[in-house]
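Trainee: The number in our numbering is simply the position in the sequence shown, starting from 1, with 362 added. Beta carbons: idealized from backbone N, C-alpha and C, even for Gly. These numbers come from a predicted model, not from an experiment.
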Amino acid sequence: MLTIYGVYRSRASRTIWLAHELGLPFNHVPVMQLYRLPDAKAADATLHTKSPAFLKVNPNGHIPSIDDDGLVLHESLAINLYLAKKHGGPLAPADVAEDGEMGMWALWAATEVEPHALNVLYHRIGNVWGPKDAKIADAAVEALKTPFAVLDRALAKTGWLVGGRFTVAAINVAEIMRYAQAAPELFDASPKVKAWLAACQARPAFRKMWDAREKEPA
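1) Using a Cβ-Cβ cut-off of 7 Å (strictly less than) and excluding sequence neighbours within five positions of Val518, which residues of its own chain qualify?
2) Suppose you measure from the CA of Val419 to the CA of Phe388; what does that come to, to the nearest Å?
3) Within 8 Å, do at least three Cβ pairs link the region 448–468 to the region 484–494?
4) Restricting to runs no shorter than 4 residues, where is the alpha helix (DSSP H) found entirely within the region 529–574?
5) When the Cα atoms are used, what is the spatial distance from Ala567 to Pro452?
6) Return the chain-ordered list of same chain residues with a C-beta closer than 6 Å to the C-beta of Pro509, the five sequence neighbours on each side being excluded.
7) Indicate the three-state DSSP secondary structure (helix, strand or coil) for Asn489 in the structure shown.
8) At which residues does the alpha helix (DSSP H) containing Ser375 begin and terminate?
9) Checking the sheet assignment: what are the DSSP bridge partners for His410?
10) Going by DSSP in three states, Lys367 sits in which element: helix, strand or coil?
11) My assumption, with CB atoms under 8 Å, is that Thr365 sits in contact with Ile428. Please give the rounded CB distance.
12) Hey, out of His390, Leu409, Pro400, Leu384, whose CA is closest to Leu443's CA?
13) Using a Cβ-Cβ cutoff of less than 6 Å, which residues in the same chain neighbour Ala360 once the five nearest sequence positions on both sides are dropped?
14) Comparing C-alpha positions only, which one of Ser413, Lys448, His424, Gly423 sits nearest to Asp430?
15) Spell out whether any CB of chain B is found under 8 Å from the CB atom of Asp431.
16) Return the residue from the list Ala407, Pro426, Leu483 that minimises the CA-CA distance to Ile378.
17) Could you say which of Lys412, Tyr541, Ala557 lies nearest to Arg371 if we only look at CA atoms?
18) Expressed to the nearest angstrom, what Euclidean distance is found between the alpha-carbon atoms of Gly423 and Arg527?
19) From Tyr367 to Ala502, what distance separates their C-alpha atoms?
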């Protein structure tokens, strides 16, 4: 049986959303990020990313990780691509060309979008590493204008990223684009992206994940 390690308020949300889309039963082990704990050495401290028990699963000390009947994988985007291909159906690549496109979009989102989108989130909403910095947020918004335009043009072709349908590529990219929602001006300037992300987040599997995430302590 599939086991997913990581709290909802982490990149584990990507894998939990996918599991709901696929109808996969899974065990959930809520591993917390170390930086979110006031005292990781307290007797009642929850399982966290640097706990010895979790480091046996992922020696990198990051979440999420999965154990799929003995196969242990790390890195959320790679995990999702693996699970989609394993279980097949419309979320999975139909051929090697779609497989390549899905890998491309995952790496694109991780490199072109995520670093800047996280700075939008951290410096417009707030973060645990220090005070908000409007200059960092503004620079991140400026840097995101080009990738937003790229994505907007891609979505204009078929409405989706790969194969003209909702796939694992949409989950991987949408969960990264979500971090930039603190900058609504980016979405207003890219209406295809705005509508696409709204459609992704309206899916029952996303809402199921999100409702559980909202119940989790911040």
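Mentor: The answer reads as follows:
1) Indexing the sequence shown from 1 puts residue 518 at position 156. Per the sequence presented here, residue 518 reads as Ala, with Val not at that position. Excluding positions up to five away in sequence, the list reads Lys554.
2) For the purposes of this step, residue 419 is taken as residue 57 along the sequence shown, with counting starting at 1. For the purposes of this step, residue 388 is taken as residue 26 along the sequence shown, with counting starting at 1. The alpha-carbon atoms of Val419 and Phe388 are separated by roughly 17 Å.
3) no
4) 530–539, 546–550, 553–563
5) Translated into positions along the sequence shown, residue 567 becomes position 205. Translated into positions along the sequence shown, residue 452 becomes position 90. In a straight line, the C-alpha of Ala567 is about 15 Å away from that of Pro452.
6) Here the question's residue 509 lines up with position 147 in the sequence shown. So the qualifying residues of the chain are Glu474, Val475.
7) The residue you call residue 489 lines up with position 127 of the sequence shown. Asn489 falls in the coil class under three-state DSSP.
8) Translated into the one-based positions of the sequence shown, residue 375 becomes position 13. Element bounds for Ser375: 374–384.
9) Taking the first residue of the sequence shown as position 1, residue 410 is located at position 48. The partner list for His410 (beta bridge, DSSP) reads Met394.
10) Taking the sequence shown and counting its residues from 1, one reaches residue 367 at position 5. Checking the sequence shown, residue 367 turns out to be Tyr, not Lys. Tyr367: strand per DSSP, three-state reduction.
11) Sequence index remark: in the sequence shown, residue 365 carries index 3 (1-based). Sequence index remark: in the sequence shown, residue 428 carries index 66 (1-based). Between Ile428 and Thr365 the Cβ distance is about 6 Å, and since that is below 8 Å, they are a contact.
12) On the sequence shown, position 81 is the one that residue 443 refers to. Taking only the C-alpha atoms, the option nearest Leu443 is Leu384.
13) The question about residue 360 has no answer, for the chain in this structure spans 363 to 580.
14) For the purposes of this step, residue 430 is identified with residue 68 of the sequence shown, where counting begins at 1. Closest by alpha carbon: Lys448.
15) The question asks about chain B, but that chain is absent: this structure has only one protein chain.
16) On the sequence shown, position 16 is the one that residue 378 refers to. Here the closest residue by C-alpha is Pro426.
17) Here the question's residue 371 lines up with position 9 in the sequence shown. Ranking the options by Cα distance to Arg371, first place goes to Tyr541.
18) On the sequence shown, position 61 is the one that residue 423 refers to. On the sequence shown, position 165 is the one that residue 527 refers to. Cα to Cα, Gly423 sits roughly 35 Å from Arg527.
19) The count along the sequence shown starts at 1 and reaches residue 367 at position 5. The count along the sequence shown starts at 1 and reaches residue 502 at position 140. Those two C-alpha atoms are separated by around 30 Å.
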